[in-house]
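All letters in the sequence shown, in the order written, are residues 43 to 438 by our numbering. Every residue gets a Cβ at the ideal spot worked out from N, C-alpha and C, and that includes glycine. Before any comments, here is the structure.
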Amino acid sequence: MLSDPAGTPAVSGENENKKTSMSLRPFGRLDWKVSALGFGAMRLPLTGPGNESLVDEEESIRMIRRAVDLGVNYVDTAWPYHGEKSEGIVGRALKNGYRERVKIATKLPCWLVEKPDDFDRFLDEQLRRLDTDCIDFYLFHAIWRDRWEHIRSMNMIASAEKAMADERIRYLGFSFHDQTGLFREVIDAYDNWTLAQIQYNFLNETVQAGTAGLNYAAQKGLAVVVMEPLLGGNITRPQGRIKEIWENSGKKPADVALRWIWDKPGVSTILSGMSAMQQVLENIESARKSADSSLTGEEHELIERVRTAYSGLNTIPCTKCGYCMPCPHGLDIPYNFEVFNLSRVNPDMGRALYLWHFTESAKASQCQACGICEPLCPQKIPIMENMKKINRHFGQ
Ligand SMILES: NC(=O)c1ccc[n+]([C@@H]2O[C@H](COP(=O)([O-])OP(=O)(O)OC[C@H]3O[C@@H](n4cnc5c(N)ncnc54)[C@H](OP(=O)(O)O)[C@@H]3O)[C@@H](O)[C@H]2O)c1
């Protein structure tokens, strides 16, 4: 058994949940209610910048436990997050009675499955990392067209059914990063999906599954779990004109953006990948206020103004998920996009960062156009073309 690094004493889940009045929501066809906010373990705090695997484990455990104490009952992780450390950290965070108070979701790294037996190899290692006998929600990770074909050719659904029968998995779902048409096709291909995880926020109503996909899944009885509700934090780091709009409104982008999503009745839970305790507390406070139609008319108008301001910027839609990394030539792909996007609203700052805060080998100018990264990007960003654009933009 793994040790309990944070040493937090066990508490009674039921009593604690009553104290917090966390808002609970239906979870598809299940006779179980999920907390409006779920914990996404992909953006845990780091001990230093620039290396996702340097997780501040003690603080991460404190944050996850605090969230559970305040009523969060759903934790989402996956094989690759934080250089494959996230599942182990979640497992250790859920010691001392916390495991019994939450449902765990993790995902099969379908792209690493080379033969049907690999399914069991990954699942058994994930059970070991999470130190649990059963994973409540097991998802095929980041489905898009090629991956869906691969899942079928390797009979992964049959392997998952076997794992449900022997109770290593309780329920099956998938996370999704392609277009609405494929989303419907995947839903219709199998009768026993319990949940679908989609990227959804006020800037992505017609991106990927979008509102149409959300409604389709909900109407088919699936629980819809929302990821990237703040576009990986892009919505909470506004610059220039957009920053002004938020500041003038006196509203916090995270609070308004999250409540905009909770206003959709088809949404079961929102995962936010919180990287600081303050974010956990703020998002839980927003979740407490959430209900259908919690957004005021004034807040709807604010969202509309912010959306219009974004549409004029022509930024690159990177959410810094890091799936494109590592680049074999040493480029920091997400950081190039971040600095480019920043330069669209703050040209001097963007240029200064590109010129002075970048190691030479990590810059767009070093792209060799090998193309390894492009099929890995859930947002389907033409990375090579954009690297050329960034290089031209900064005149390198
Ligand atoms: N299956 C998939 O394909 C897939 C893909 C993506 C995500 N996911 C899952 O979905 C989860 C949620 O997605 P996400 O991590 O992209 O969520 P997100 O909420 O869109 O972005 C998280 C980031 O938003 C910022 N943030 C959060 N709360 C804030 C607050 N109150 N105030 C200010 N900033 C705040 C933080 O940015 P800073 O750290 O910069 O402060 C944080 O790292 C992930 O953690 C992961 O579990 C799954």
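C-alpha gap between residue i and residue j, whole angstroms
i    : j    : result
K145 : F182 : 17 Å
H435 : M426 : 14 Å
D305 : V228 : 26 Å
E454 : L150 : The chain is shown from 43 up to 438; residue 454 falls before or after that span and cannot be answered.
D475 : A333 : This structure cannot settle anything about residue 475, because the visible part of the chain is limited to 43 through 438.
E286 : A299 : 16 Å
Y242 : S217 : 12 Å
D162 : D208 : 12 Å
D111 : S77  : 12 Å
G392 : G275 : 18 Å
Y377 : V266 : 30 Å
P417 : V309 : 29 Å
C366 : I345 : 30 Å
Y258 : Q239 : 13 Å
E402 : N138 : 47 Å
T278 : V322 : 14 Å
I312 : P368 : 28 Å
K422 : G282 : 27 Å
Y352 : I284 : 7 Å
P91  : R85  : 12 Å
L384 : E343 : 25 Å
R347 : P280 : 13 Å
L397 : P424 : 23 Å
F400 : A231 : 46 Å
L72  : F179 : 12 Å
W186 : Q250 : 10 Å
V132 : S65  : 23 Å
G125 : N234 : 31 Å
L169 : T357 : 40 Å
E324 : D159 : 43 Å
L172 : F164 : 12 Å
W288 : L337 : 15 Å
P359 : E341 : 24 Å
R210 : D390 : 53 Å
R67  : K75  : 5 Å
Residues bridged to residue i (per DSSP)
i    : result
L237 : G215, A265
L313 : G80
F69  : L72
I116 : According to the sequence as given, residue 116 is Tyr; it is not Ile. Paired residue(s): K145.
V97  : L88
Cβ separation of residue i and residue j, assumed to be a contact under 8 Å, to the nearest whole Å
i    : j    : result
C176 : R141 : At roughly 10 Å, the Cβ-Cβ gap does not stay under 8 Å, so C176 and R141 are not in contact.
T222 : G252 : 6 Å
S328 : G82  : Not a contact, Cβ separation roughly 15 Å.
V155 : M198 : 7 Å
G364 : E94  : 6 Å
G70  : L237 : 6 Å
I375 : C415 : 6 Å
L355 : R386 : 5 Å
Y116 : G80  : 4 Å
I326 : A109 : 7 Å
Heavy atom of ligand 3 within 7 Å of residue i beta-carbon
i    : result
K149 : As for ligand 3, it is missing from this structure, which binds only ligand 1.
Same chain, Cβ closer than 8 Å to residue i, neighbours up to 5 away in sequence not counted
i    : result
P87  : V97, D98, E101, S102, M105, S317, A318
K157 : M196
L373 : S403, A404, K405, A406, Q408, C409, M429
Q261 : G308
L272 : N243, T278, P295, A296, A299, L300, S314
Beta-carbon contacts of residue i that lie in its chain and below 6 Å, excluding the five residues immediately before and after
i    : result
A440 : Missing from the structure shown is residue 440; the chain here goes from 43 to 438 and no further.
I193 : C152, F182
I432 : N378, F382, A406
W121 : P151
A202 : L214
E270 : Q241, T361
G55  : Below a pLDDT of 50, predicted positions are generally treated as unreliable, and G55, at 41, falls in that range; the measurement from the model is reported next regardless. Cβ within range, chain order: R143.
M429 : A406, C409
V268 : Y242, I303, V309, I312
P307 : D334
R226 : Y258
K294 : none
T119 : A83, S128, E129, V132, T148
Neighbourhood of residue i by C-beta, 7 Å cutoff - its chain only, sequence neighbours within 5 removed
i    : result
A254 : T222
F244 : A299, W302, I345, R349
S291 : L344
P370 : C412, I414
Any C-beta of chain B under 8 Å from that of residue i
i    : result
N378 : Looking at the structure shown, chain B is missing, and only one protein chain is on hand.
Can you list the alpha helix (DSSP H) stretches of 4 or more residues lying completely in the segment 119-188, in chain order?
-> 123-126, 128-135, 160-172
Along the chain, which unbroken stretches of the alpha helix (DSSP H) at least 4 residues long are found entirely within the segment 328-370?
-> 339-353
Could you give the uninterrupted runs of the alpha helix (DSSP H) lying entirely in the segment 256-305, keeping only those of 4 residues or more?
-> 282-291, 295-304
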